[in-house]
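Below is one structure, written out as structure tokens, with a few remarks after it.
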Amino acid sequence: MKSITCALCGTDFLCGAAEKSCWCAELPSLPKSAQDMPAGCYCKACLQKKIAEARLKEQAPHWQENPTLLNVEKVMQLLSAYHRYQVEGMDCLPQTGAGLIVTHHSLATYDGFMLGMKIWQQRQRLVRALGDNLLFTLPLMHQWMRDLGVVPGAAGAASELLDQGELVAVAPGGMRECLRPSDQKYQVRWAKRKGFVKLAIEKQVPVYLTACPKADDIFTVYENPITAAIYKNFKFPVPLFRGIGLTTIPKPIALTQYIEGPFQPPAFSSQSFDSDVDSFHALLTEKMQGLLDKGKS
């Protein structure tokens, strides 16, 4: 082991293959697109950055050639123009590394896809969203979802994606939040939804909150016993709603998406895990409510 100067940042560090802390030790496991980098030793921080950049380059052609993604991007651009869609806080999101994007769920839903498009365009990252398992049981829909990077919300899926350094999006309120009537708009429905908090603490990944409050105004949603009964018994969404007039055409509401974070989870401790989950959940719920309250102004 000897002292080496990092070829990128210029800091001195101990180069030792056993610690896998430099370029020469990591070379065999690097993505192919990174193996033509100039020879030299790199400190662990710089090496990880280079690996992430190389993986992004390898991933980009696949997604750029994905016809489903390209077609959806065109539709989202039209919807973005229709709603004068804008994002505040994009700089909060990292260009590399794992993170959990936590969002509220509107009936329209496509506000989330518009955000994904903006992140793809401005941060060069494809967000991996957790989708309702129902989507993956419908003909054609399951492949369409997978082409967009959406995965079933099964146990372990988010954990695996975070281990791979992905940005993972989840809407804790799920379908229940999506179906809430308009007289309950701008309200967080996360009281018993703490799985995302447990995940953030266990994986020690930052949380980024995002909300598009006015998306709750795209449609007028009516409370009715039929919607509630069908969802309770079959877990299938059958909302009663309208857009412009008596049609289902979305109202041309101007939309602003807010992003806030990162919120760092408390250190993992088996002794205080439950109380840490409760306190972090309370903090995130309060912050999300603050984002949704911006829709009232």
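Each number in my numbering comes from the position in the sequence shown (counting from 1) with 162 added on. Note that beta-carbon positions come from the ideal geometry of N, C-alpha and C, so glycine has one too.
Comparing C-alpha distances from Asp455 to each of His266, Gly251, Leu241, Pro399 shows the shortest one belongs to His266. Taking Leu323 as the centre and dropping the five residues before and after it, the same chain places the C-beta of Arg290, Val330 closer than 6 Å to its C-beta, in chain order. Scanning the stretch 364-438 from its first residue to its last, the whole alpha helix (DSSP H) runs of 4-plus residues come out as 387-396. Across the structure, Ile415 and Ala207 are spaced so that their CA atoms are roughly 44 Å apart.
Your pair Val332 and Leu296 does not check out as a contact, with CB atoms roughly 16 Å apart and the cut at 8 Å.
Two segments are said to touch when three or more pairs of C-beta atoms, one from each, lie closer than 8 Å; by this definition the stretch 333-353 does not touch the stretch 275-285. DSSP places Val330 within a strand segment (E or B) once states are collapsed to three. DSSP, reduced to helix, strand and coil, places Ser242 within a helical segment of the structure shown.
Rounded to whole angstroms, the gap between the alpha carbons of Leu310 and Gly407 is 32 Å.
If the five residues before and after Glu235 are omitted, its C-beta is found closer than 8 Å to the C-beta atoms of Met279, Trp282, all from its own chain and listed in chain order. In the three-state reduction of the DSSP assignment, Leu269 falls in the coil class, being assigned neither a helical nor a strand state. Exposure of Cys171 is indicated by the presence of fewer than 16 other C-beta atoms within 10 angstroms of its C-beta. Scanning the stretch 251-315 from its first residue to its last, the whole beta strand (DSSP E) runs of 3-plus residues come out as 261-265, 290-293. Three or more Cβ pairs drawn from the stretch 368-388 and the stretch 421-438 lie within less than 8 Å of each other, which places the two stretches in contact. Nearest C-alpha to Val400 among Ile421, Gln326, Pro343, Gln248: Pro343. Residues of the same chain with a CB within less than 8 Å of the CB of Met252, apart from the 5 flanking positions on each side, are Lys280, Ile281, Gln284, Arg285, Ile421 in chain order. Here DSSP, grouped into helix, strand and coil, assigns Ser165 to strand.
The beta carbons of Leu453 and Ala353 sit no closer together than 7 Å. Just so you know, the alpha carbons of Lys458 and His245 end up roughly 17 Å apart. Per DSSP, reduced to three states, the secondary structure at Gln248 is strand. Residue range 319-325 is occupied by the alpha helix (DSSP H) that includes Ser321. According to the DSSP assignment, Cys171 belongs to no alpha helix (DSSP H), since it is labelled neither H nor E. The C-alpha of Val312 is placed about 11 Å away from the C-alpha of Ala319.
In the DSSP assignment, Cys340 falls within the unbroken alpha helix (DSSP H) covering 336-340.
Separation of Pro412 and Ser432 (C-alpha to C-alpha, rounded to the nearest whole angstrom) is 47 Å.
Nearest to His304 by C-alpha distance, out of Thr230, Ile363, Asp440, is Thr230. For Asp438, same chain residues with a beta-carbon under 7 Å away, outside a window of 5 residues either side, are Ile363, Pro428, Ser431 in chain order. C-alpha of Asp273 to C-alpha of Ala260: approximately 22 Å in a straight line. Assignment of Lys347 by DSSP, reduced to helix, strand and coil, places it in the coil class.
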